[in-house]
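>
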Amino acid sequence: MLKRINHIGIVVGDFQEALTVYSMGLGMKLDKIVEIPDVQLKIGVFKIGEIEIEILHYANSELPMVKALRGNYPGVNHICYEVEEFDETLKRLMENGFKLIEGFPRKGVHGRIAFFIPPHSPEERIEILEVEA
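Position 12, counted from 1, in the sequence shown is what numbering that gives the first Met the number 0 calls 11; the numbers after and before it change by one each time, with no gaps.
So, in structure tokens, the structure goes:
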């Protein structure tokens with residue numbers, strides 16, 4: 000079951016410039032920077048109320064997982080839905096034509112994650128998240 004929107008991921012070409020634009024231009028406060036080495040990803044996390052905005056920068060857009068996640072296309076990349084029953088949600092999505100991206104599920108910044116391509120929109124990406132307690 001979906002609980003809430005956890006975050007929105009936005010891919011950028013220039014990480015430092017994007018952090019400046021979101022901090023200075025929009026007046027948002029940078030909460031933290033996280034690095035995920037195996038996919039050469041830097042994430043700048045900003046909070047707006049209960050929702051986070053994740054600024055995503057992939058150093059190597061040629062990695063297979065990065066290509067599958069459309070990490071080489073700047074702009075809004077995905078919406079992450081926090082779920083209560085991860086395994087059941089994973090199964091239901093796959094039974095309804097959502098394509099699980101290779102390499103998922105796996106551990107993410109906040110807990111267990113999986114990315115999907117919806118059957119109606121091959122450019123769209125949806126993430127589900129089970130937050131660690």
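Using N, Cα and C, we set each Cβ at its ideal position, and we do this for glycine too. Because the structure is a prediction, the values reported are computed rather than measured.
Taking buried to mean at least 16 other C-beta atoms within 10 Å of its own C-beta, is residue 72 buried or exposed?
exposed
> If I follow the unbroken beta strand (DSSP E) through residue 3, where does it start and stop?
1-10
> Leaving out the 5 sequence neighbours to the left and right, which residues in its chain are closer than 7 Å to residue 59 when beta-carbon positions are compared?
Spatial neighbours of residue 59 in its own chain (CB-CB distance under 7 Å, excluding positions within 5 residues in sequence) are listed in chain order as 39 and 65.
> If distances are taken between C-alpha atoms only, which option among 79, 34, 93 and 56 comes closest to residue 118?
The shortest C-alpha to C-alpha distance from residue 118 to any of 79, 34, 93 and 56 is the one to 93.
> Quick one: residues in its chain with C-beta nearer than 6 Å to the C-beta of residue 108, no 5 flanking neighbours on either side, listed in chain order?
33
> So residue 54 and residue 17 are supposed to be a Cβ contact under 8 Å. How far apart are they, rounded?
5 Å
> Kindly identify the DSSP beta-bridge partner or partners of residue 136.
Only positions 0 to 132 of the chain appear in this structure, which leaves residue 136 out of reach.
> I think residue 125 touches residue 75, with their Cβ atoms under 8 Å apart; what is that distance to the nearest whole Å?
Incorrect: roughly 12 Å between the Cβ atoms, too far for contact.
> Using only the alpha-carbon positions, how far apart do residue 127 and residue 29 sit?
23 Å
> Can you give me the C-alpha to C-alpha distance between residue 105 and residue 61, rounded to a whole angstrom?
20 Å
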